[in-house]
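A.B. asks:
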Amino acid sequence: MSFLKRLTWLMERRKKYPPDDIHRAGDLAEMRLAKLSRAAGRDNGWKIYESVRIPDPDGGRREIDMVIIGGNSILIVEQKHWAGSFRINKEHHFIQKRKNGDEHSHDGVADRIARKARLLAELHQQRLGLASEEEPDVRVIVAMTHHRLDWPRIPEDLAAEMVNEKGFLDIIKAVNPGKPNLDLIETLEGFNTWDEVHLHGGLMNKGDVFELGLGSDIDTIFAQRECEVTGSADHKRGLLAIFDKQPSKASIKIGKKNADVTLAQGACINMHVVGEPKPRKIPWARIDKIVLSKPPAEWNRSG
143 MSFLKRLTWL MERRKKYPPD DIHRAGDLAE MRLAKLSRAA GRDNGWKIYE
193 SVRIPDPDGG RREIDMVIIG GNSILIVEQK HWAGSFRINK EHHFIQKRKN
243 GDEHSHDGVA DRIARKARLL AELHQQRLGL ASEEEPDVRV IVAMTHHRLD
293 WPRIPEDLAA EMVNEKGFLD IIKAVNPGKP NLDLIETLEG FNTWDEVHLH
343 GGLMNKGDVF ELGLGSDIDT IFAQRECEVT GSADHKRGLL AIFDKQPSKA
393 SIKIGKKNAD VTLAQGACIN MHVVGEPKPR KIPWARIDKI VLSKPPAEWN
443 RSG
């Protein structure tokens, strides 16, 4: 390998990708609410599922921030961690006013999460062929969790309940949904969530990983998996690493299978990152770790 190629490879390993502060704050708020929800709902037997992705008849998949199930009950939760204030107009669009005075319109927050709730309930009903009296009770909730938020009057005909963090946790603490419904648990276990690729410097890309780019054997196992995939990369980034012929290694775990891989220059993950128009390759030289969701269940693989 030429000196120029070694230098280019080293510079790619050394480059840092700082986190997106706005999205990171939202992610941390969601993680916090999920942790609090597990603690609040433990005694009543609630099960918490984060970032649940369901197929949409209009194409693709839609994310639900949190789905909580217990007995034959489902709580569908959309979380907003806004500071400042907001208002709700006649069309039920949420108009957020940020601390700097800027306003941002969030079209149909309650309507969208109510639609996702209907889609999930329909999937459960269709999977099992349930009669109407057997269908689960569904509550649709928008949880506004920032403590520095001024609230407006809430329209009575809004498609979702509106609660703050304490009000949301009080629901979980107060309601005992009864013994677990194994069919409902199986439905929720059949959904997947986002794949996460963590880059050097703290940036996390969410989306769908299609190939690991670590050779045909590993990619075949990856394509046939029914479980989560985790992995970490170890890169030599010091200046003297320019003389190292094998400066990067990765450890991959797919179910009970483990693989230690020497990373070649140019090795890339193939990923469709959320918000981007098409998939792209992400060099392993930039990656610190991966956490990839199990695939959706067979009955749930459309979309």
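Residue 143 is where the sequence shown starts when you use the working numbering, and the numbers rise one by one after that. Positions of the beta carbon are idealized from the N, C-alpha and C atoms, including for glycine. These numbers were taken from a predicted model, which means no experiment stands behind them.
(1) What residue from ASN334, MET143 and HIS223 has the CA that sits closest to LYS436's CA?
(2) Per DSSP, which one or two residues make a beta bridge with GLN221?
(3) May I ask which residues mark the beginning and end of the alpha helix (DSSP H) holding ASP430?
(4) Which residue's Cα is closest to the Cα of LEU324: GLY332, ARG180 and LYS348?
(5) Count Cβ pairs between the stretch 297-315 and the stretch 251-268 that sit closer than 8 Å; are there 3 or more?
(6) Does SER179 come out as helix, strand or coil in the three-state DSSP assignment?
(7) Can you tell me the Cα-Cα spacing of GLU154 and THR329, whole angstroms?
(8) Determine the extent of the beta strand (DSSP E) in which ALA341 is found, giving its start and end residues.
(9) Which same chain residues end up closer than 7 Å to ARG290 when comparing Cβ atoms and leaving out the 5 residues on each side of it in sequence?
(10) Please report the distance separating the alpha-carbon of GLU220 from that of GLY357.
(11) Taking GLN238 as part of the beta strand (DSSP E), name the residues at either end of that continuous run.
(12) Using 7 Å as the threshold, is the C-beta distance between LYS398 and THR372 below it?
(13) Evaluate contact between the stretch 335-351 and the stretch 415-422, counting only Cβ atoms and requiring at least three cross-stretch pairs below 8 Å.
(14) Can you tell me which of PHE145, ALA375, ASP312 and PRO278 puts its alpha carbon nearest to the alpha carbon of HIS340?
(15) Please state the DSSP three-state secondary structure of GLY320.
(16) Could you check how far apart the C-beta atoms of ASP430 and HIS342 are, in whole angstroms? I think they sit under 8 Å.
(17) Quick one: measure Cβ to Cβ for MET173 and ILE190, integer angstroms, because I've assumed they're closer than 8 Å.
(18) In the structure shown, what three-state DSSP assignment does SER247 receive?
(19) At what residues does the alpha helix (DSSP H) containing PHE228 begin and finish?
(20) Quick one: complete alpha helix (DSSP H) runs, 4+ long, within the stretch 358-434?
(21) In the DSSP assignment, what are the bridge partners of GLU353?
(22) Use the C-beta contact count for GLY417: other C-beta atoms within 10 angstroms, 16 or more gives buried, fewer gives exposed.
C.D. replies: To lay it out plainly:
(1) ASN334
(2) ALA285
(3) Where ASP430 is concerned, there is no enclosing alpha helix (DSSP H), although the beta strand (DSSP E) it sits in stretches over 429-434.
(4) GLY332
(5) yes
(6) helix
(7) 42 Å
(8) For clarity, residue 341 is Leu in the given sequence; the question names Ala instead. From DSSP, the beta strand (DSSP E) with LEU341 extends over 337-341.
(9) ALA225
(10) 40 Å
(11) 236-239
(12) no
(13) yes
(14) ALA375
(15) coil
(16) 5 Å
(17) Actually they do not touch by this definition, with Cβ atoms about 11 Å apart.
(18) strand
(19) First-last for PHE228: 226-230, but that is the beta strand (DSSP E), not the alpha helix (DSSP H).
(20) 358-365
(21) ASN412
(22) exposed
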